[in-house]
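In the working numbering, the protein residues as written are 375 to 611.
What follows is one structure encoded as structure tokens, with my remarks underneath.
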């Protein structure tokens with residue numbers, strides 16, 4: 375009986391590893407022709423997320439700062455927010471511009487006004503929100519800069535606006551979620567950390583089966599503006 379229990383225990387321990395092995399190799403940023411691809415000329419700098427009630431403008435992209443940082447400006451309508459998550463490859467610095475922006479970092483809620491700053495370090499669980507009655511504007515500085523993160527927002531906003539997500543803004547296709555997570559370095563916190571290795575390997579499969587290419591072509595490369603001014607950085611920043 376003891377040997378049987380030991381065998382069952384070993385099998386239960388092995389099952390997750392067998393499952394991960396069955397999914398194939400994880401996503402490889404270095405070998406992805408799209409992850410490291412420089413942005414096309416005249417790429418729109420402002421993109422809209424109709425579900426999360428905000429739009430994002432890229433004030434500085436990673437390739438414009440030699441990889442030092444990416445700088446975004448987000449306009450967040452009342453009730454808008456994103457979900458709890460953390461990153462392993464970069465920190466985020468939130469700075470208020472107009473109104474009051476809520477920023478949650480590691481269990482603490484902050485309200486930042488114009489000029490006020492909150493920093494989420496690598497591995498800090500965080501999210502932003504607007505629980506006021508007025509639109510909030512804030513900037514997010516990502517250090518170091520991330521071309522993958524930049525592309526991930528085009529993908530996610532495109533999926534939302536195409537009706538390819540649920541009411542919470544999560545992609546209906548788990549492969550799309552995996553690609554977004556790989557590009558944005560978005561990791562689930564808490565008990566959901568257990569799914570992060572699964573998403574890594576699902577993103578690897580999407581890299582091999584053409585799903586990554588399809589998302590980039592449909593939602594990133596298609597965001598090219600006919601107006602050169604729409605693709606130029608703000609010289610004041």
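In this text, a Cβ means the ideal position worked out from N, Cα and C, and glycines have one as well.
{"Check": "Chain-order list of residues whose beta-carbon lies under 7 Å from that of residue 432 (same chain, five-residue window excluded)", "Outcome": "419, 446 and 524"}
{"Check": "Separation of residue 456 from residue 501, as counted between CA atoms", "Outcome": "6 Å"}
{"Check": "Residue ranges of each alpha helix (DSSP H) within the region 515-544, 4 or longer", "Outcome": "521-535"}
{"Check": "Rounded distance between the beta-carbons of residue 534 and residue 449, thought under 8 Å", "Outcome": "Contact doesn't hold; Cβ gap of about 16 Å is too wide."}
{"Check": "Burial state of residue 542, where buried means 16 or more other Cβ atoms lie within 10 Å", "Outcome": "exposed"}
{"Check": "Distance between residue 562 and residue 458 (C-alpha atoms, nearest Å)", "Outcome": "7 Å"}
{"Check": "As assigned by DSSP and simplified to three states, the class of residue 571", "Outcome": "helix"}
{"Check": "Exposure of residue 546, with buried meaning 16 or more beta-carbon neighbours within 10 Å", "Outcome": "exposed"}
{"Check": "Alpha-carbon spacing of residue 466 relative to residue 443, whole angstroms", "Outcome": "10 Å"}
{"Check": "Status (buried if at least 16 other CB within 10 Å, exposed otherwise) for residue 597", "Outcome": "buried"}
{"Check": "Alpha-carbon spacing of residue 492 relative to residue 513, whole angstroms", "Outcome": "11 Å"}
{"Check": "Helix, strand or coil at residue 478 according to DSSP, with G and I counted as helix", "Outcome": "strand"}
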